Structure formats: structure tokens, C-alpha cells
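For the record, the sequence lines run as chains F and D.
One point on numbering: in my numbering, the residue at position 51 of the first sequence is 51, and numbering is uninterrupted.
One point on numbering: in my numbering, the residue at position 344 of the second sequence is 590, and numbering is uninterrupted.
Here is the structure we will look at.
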Amino acid sequence: MAMRVLIVDDEPLARERLAALLQECGEVTVVGEAGDGRAAVEAVERLRPDVVLLDIRMPVMDGLEAARHLARFDTPPAIVFCTAYDEHALAAFEASAIDYLVKPVRAERLRTALERARRFGAGTLAKLETMTATARARSHLCARVRGNLVLVPVADIDYLLAEDKYVVVHHRKGEVLVEEALKSLETEFGDRFVRIHRNCLVARDRLAGLVRGADGGVYARLEGCTATLEISRRNLPALRRLVRSL
Amino acid sequence: MPAPTAAPRPSWLPDFCSLPVLFAVMIVAELLVLVILIAPSDESRPLLPRLTTTSVFVQWLALLCAVCLCQLRAPLQRLPPWLGVAVAYVLMLLVTVLGSALVFRLDQELGLGLTLPVQFEARFVWRNAALCALIGAALLRYFYVFEQWRERVRAEAKARFDALQARIRPHFLFNSMNTIASLIPLRPQEAERAVENLADLFRAALGDEATPSTLGAELDLVRRYLDIEKLRLGERLRVDWDVAELPPAMPVPALLLQPLIENAVYHGIQQLPAGGTLRVRGRCDGRHVEIEIRNPCPPAAARARSGRGMALANTRARIEYHFGRRGTLDVDAGAEYYACRLRLPVTAEAD
């Protein structure tokens, strides 16, 4: 059976070249192309390729982050990174990606990479997830709404509210559930969100002020947002300082 | 973007505890002693004992000043230079006045007769203070000029080194190679032109920094660079040129504009999925040229990477080296755009 491949690169000529090389490999179908990480994640959801050839430096969402989102899929594709010159990235991924290719890609190297992908499948991606989790904050959160994939830009998020096993992501265009712990989100996005309560993180740049409620508690008011969120006694002093410094 | 590390403030005050500086102080002090002794006076004592006592006294005062300045170097350096110099100067005078008064009194108490008769205390002290004022001023000025010179040599060397380091990103080289590899079977003529452009670019990048370039040559180089990037980024990169006013013959340092343009592409246009328009605008009023490089970029919140700092600091250092304070490079970083504004004095050869 032919291997189904998705090509992801922001440069049209680079995509063209990979497509031409793949054609020579035989037993390979190019099922689609994407120009950035976000489009790649969406394309994988739609097309379910076996292998993704993934450039690292791309706009909107880079290849490393796209790989992290892909790793959470039920049947993740095998990922082969293609990069012009990312020494650090290469060092980090040598151990965990199926393979990586340097540009300009050689036909025989591409063939070996595809062979490896065929043999090993996507098994090594879990490690990748843990390796990069500490490295850098993602630019998007990935959620599923009625089976469909939704990518929410972190910059669009107003606040995060923990409920049972989920975190509700309240963003500009609505709300979605993600299966992540509030604590780990706080660690990852510490410079973007501030904790106001045991169950709530608020985007610093949306914080408009503090108001005292009828019950004597203090609430946070957010820009462009009707909700008022309770601030716990423990987080209040730090938050007052923050609001004053805004 | 990480705050660029502040360059160490150019120092005007040397380390008085270092041996070469101490030695210089002692030499100057001894020269002063010789001048005092050679100058005609009504002193009747023989020369040799006078040489000894005067030497001991002057060296003692000089070293006392040096030790004070050495100990107070850190706080003095923190003051604005003019105030620091003034404080150091007053300090030296104070040490001399107090030291002279002390020695005079001691001499009177012990009755050694090494200084002057008792009624001349004020004269002794003030004369010493005046000598210290003159020599101290000359010495501080000398050290100031010397330190400035050393600083400039150091900065120049660093700027050159940085220039070599920061020139063209390896990322760009390999991506261009990849582009050329893609073009060869598809559009061989474009591939050929891309190789020529790449060669020109690297010839400039590997060239000698000392060979001055001209504004026209720099703009040509930027056009070649952008031609390559256009192949890579396709429709995403659009360039709006408005540089007709710029004097093409004006001498400028080599690779003045390319690193800034590369930044604009790398951090701006390339980060936008739909790309954007890079604007290069040049103005000339006869005395100054002003070049603005402006590019759209992702909103600040989404800007993840840094790395503009290097090319900026490098270009700034080289501008300062070539044009002094009259050349400036300002950055205007808006929420969704980024602009570099170069302002350079038109140099005589430009006409």
C-alpha cells in the first residue's frame, strides 16, 4: 500500500521540490500540502496521512509545536523534520523524532527516512512531547469539540477555569474544554496568565481592574468580557500589586 | 527580545591601584619635584637634601591622592562624567591642602626646619594647592583621553568582530541552496540568477570591512538579497521602494543595510502567513540622509523569538564608529509593525 504523505513548509518552492522527490520514491502518495504548523495540524486531522514531512521554522505555529499537537492525536502520524539550519532543534530531536532531514534534501536520504517511518511508525512521539513540554510555551491550545479539532491561539484566551478533570478555555470566540491540568498550564504560560483563584488563571493583558462584590469578596474585571471572576484571599495581595502596576 | 546587554560605560578614570598607573603618577610627581627645584628661588639649603625631602613629600601626597581615587573609583564611575571629574579634582585638592597643613605643623612641632618659617603656613599650603590644581588637571585630562582612546580601539575591534559574526544567517544560506535546487529542474534561468545573486551577497559578506562601500552599492546588494528571498517566499514578500532621493555615491560602511533588511524579512514578513509589504524609504535634505525600513510583523503577544538585537547592536556600533554621534539608528516597534530609522550625516565625498 502506498504511503500517504503530507508536506508542510512555508516556502512553495521547497514544497514543490519535496513533492518532486517523493514522486521518484515510488509507493508514495502526496495527500496534501500545508504552509504553516496550524494548517498542518488541521490537514492531518482531515487527511490522516501516515507521514508528515515537517519544516521547523514557519509562521503562525512552528514545526516543533505542530509536532507536539500531533503527538496527542489518537493515531499520530510519523513525523520527519525537514530543516535548513536549526542546530539546537536538531540536537533536541535527534533522539526522539523518527528522522530529520536537512535542506536541500537528498533523494536517498528522503527514501531512508520514509523507510524508517514505515518500520517504526509513530511510537517515539510520546517522548518528544515530554521533551519539549519544558522547552517553550505553545502558541495554541488544541481542543476537540464534538470530535472536531479546534486550535485556539493563546493570545486570544481571556481566562482559564478548572472544572473537574477539564479546563474550560474562555477565549474571544467562545469556550472550549481541554484535557490539561491548570497547574501545568500555569507553568507553561506563566508570563501570560496570572492565578487569581485555586481554579482560575487570567490573561494579564485582559485584567481591567478589581471590584468589591456585594458579598464582600473581591472580583476581577476583564476587558471585553462580561464575567467577573472571584479572587481568592491568598492571591489578592499579589494581584493588587499587579493591577497597580498596569 | 532580551534587553541588549548594556555596553560598559566608557571609563574616564583609570584604575589608580594598577601598577602602570601608579608608576605614571610617581613619574609625574618626580618631574614636578625637579621643576620645583630647578625653578629659581631664594632657598639657601643645598640641593640634595632638598631633593630628598621634597621628593618624599610630593610622592607621599601623590600616592595619597592615588589611593583615595582608587578606593573611590566605583562610586565616582557611577556619577555623570562631569560631576565625577569635578569630585575627583576637588578630592585631590583637599588631600593636598590637608596633607600640606599636616606636614607643616609637624615640621614646626618637631622643629626640623624642612618647610618654611612659621609665619608662612598659608603660603606653603596654598602654593602646594595651586601646584596640585595645575598638575592634577593635566593628569586627569591625560588619563581621560587615554582611557577614551583605549575604549574606542576596543569598541572598534569588537564592532568588526561582530560584523563578521552577524553577517548572514546560515539559515538563509541553506534555504537559498534549497530554493536553487528546486529551481534547477523547473526554471533553470531563475536558478542561474539566484546563484549569481547569492555569490554577490557572499562576496560582500566575506569582503574586507575596511573597504568602504557606497549607499548605491548597499542598495544594490539589498535588491539582490530581496530577489533571493522573493524566490523563497513568493507572493508573501512584497517590496515598496522609495529611494530615488538618496545620494548613491555617499560612502557608508559595508553591509550597512542588508542585516536590517534581513531582520525585517526574518522576524517580520516570514512570520506572517499572508506575508506583507516591506517599505524602504529614503530622504535626503542635503545635510542628512534618513532611511526607514518598515515591515509588518505578528502582534507583540505572539512574537516568540528574539534575535534582532545582534544585527541592531552591530549596525549601531559601526554607524557610531564611522559617523560618530551624528549618525543614529532608532527603532520604533509598534504592535503590528517594526521600523528602523537610520539617520546619517551626508559626508563631503558624497557630492
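Just so you know, even glycine gets a beta-carbon here, dropped at the ideal spot from N, CA and C.
All values reported here derive from a predicted model rather than from experimental measurement.
Below-8 Å beta-carbon distance, residue i vs any chain F residue
i      : result
D/R484 : no
D/A427 : yes
D/N541 : no
D/N443 : no
D/P545 : yes
D/P260 : no
D/E582 : no
D/A249 : Confidence at D/A249 is low in this model, with a pLDDT of 35, below 50, so the placement of that residue is unreliable and no value is reported for it.
D/A550 : A caution first: D/A550 carries a pLDDT of 47, below 50, which makes its placement in the model too unreliable to give a value.
Neighbour flag for residue i against chain D, beta carbons, 8 Å
i      : result
F/A126 : Residue placement at F/A126 is poorly supported in this model, since its pLDDT is 48, which falls under 50; the coordinates are not used for a value here.
F/L242 : no
F/A95  : The predicted model places F/A95 with a pLDDT of 44, which falls under 50 and marks its position as unreliable; any figure quoted below should be read in that light. Chain D contact via Cβ: absent.
F/R263 : No answer is possible for residue 263 of chain F: the residues shown for chain F start at 1 and end at 246.
F/G147 : no
F/K173 : no
F/P49  : no
F/P77  : no
F/G63  : no
F/A252 : Outside the displayed range of chain F (1 to 246) lies residue 252 of chain F, so it cannot be described from this structure.
F/A155 : yes
F/R4   : no
Contacts that residue i makes with chain F (C-beta to C-beta distance below 7 Å)
i      : result
D/L518 : P59
D/R478 : E11 and L13
Option in the options with minimal Cα separation from residue i
i      : options                           : result
F/K165 : F/E180, F/Y85 and F/T75           : F/E180
F/L13  : D/F262, D/R319, D/R396 and D/I474 : D/I474
F/G35  : F/Q23, F/G63 and F/R198           : F/G63
D/F418 : D/I507, D/E289 and D/F569         : D/I507
F/C9   : D/L479, D/E436 and D/A581         : Note on residue identity: the sequence assigns Asp, not Cys, to residue 9 of chain F. Comparing Cα-Cα distances from F/D9 to each of D/L479, D/E436 and D/A581, the minimum goes to D/L479.
D/S428 : F/L18, F/V150 and F/M1            : F/L18
D/A368 : D/G345, D/A581 and D/P416         : D/G345
D/F303 : D/W328, D/G330, D/L265 and D/D353 : D/D353
D/L380 : D/D488, D/L278 and D/P497         : D/L278
D/Y567 : D/W395, D/R291 and D/D446         : D/W395
D/N541 : D/T425, D/R484, D/Y335 and D/V498 : D/R484
D/Q365 : D/G453, D/C530 and D/R351         : D/R351
D/N560 : D/L502, D/R571 and D/V498         : D/L502
F/L54  : F/R46, F/L161 and F/E65           : F/E65
D/E442 : D/T460, D/R469, D/P458 and D/P416 : D/R469
F/V31  : F/V44, F/F120, F/V152 and F/E24   : F/V44
F/C225 : F/R198, F/E175 and F/L242         : F/E175
D/M338 : D/A383, D/P295 and D/A347         : D/A383
F/E108 : F/L21, F/T228 and F/P49           : F/L21
F/A214 : F/T228, F/L222 and F/E223         : F/T228
Contact set between residue i and chain D, taken where Cβ atoms lie within less than 9 Å
i      : result
F/Y85  : R415, P416, H417, F418, L419, F420 and N421
F/D36  : P519
F/A214 : By Cβ distance, chain D contributes nothing, its closest Cβ being about 34 Å from F/A214, past 9 Å.
Per-residue contacts from residue i into chain F (C-beta, under 8 Å)
i      : result
D/P657 : Within the shown structure, residues of chain D are numbered from 247 to 597, placing residue 657 of chain D beyond reach of any answer.
Residues that DSSP places opposite residue i in a beta bridge
i      : result
F/H197 : F/C200
D/T460 : D/P497
F/M3   : F/V28
F/L207 : F/L222
F/L141 : F/V152
F/L177 : F/V168
F/I157 : F/H171
D/G522 : D/L483
D/E538 : D/R527 and D/R587
F/Y100 : F/F81
D/V577 : D/C586
Chain-ordered chain F contacts of residue i [CB-CB under 9 Å]
i      : result
D/L432 : L13, E16, R17 and A20
Contacts of residue i in chain D (Cβ-Cβ under 7 Å)
i      : result
F/K165 : Those within 7 Å of F/K165 in chain D number zero; the least Cβ separation is about 29 Å.
F/P104 : M423, N424 and A427
Proximity test, Cβ basis, 8 Å: residue i and chain A
i      : result
D/N424 : In summary, chain A is missing from the structure at hand, where the protein chains are F and D.
Counting only runs that start and end within the region 339-421 of chain D, where is the alpha helix (DSSP H) found for 4 or more residues in a row?
Segments of the alpha helix (DSSP H) lying fully in the region 339-421 of chain D: 367-412.
Could you pull out every unbroken alpha helix (DSSP H) segment of at least 4 residues lying fully inside the region 1-83 of chain F, listed in chain order?
Correct list: 12-25, 37-47 and 63-71.
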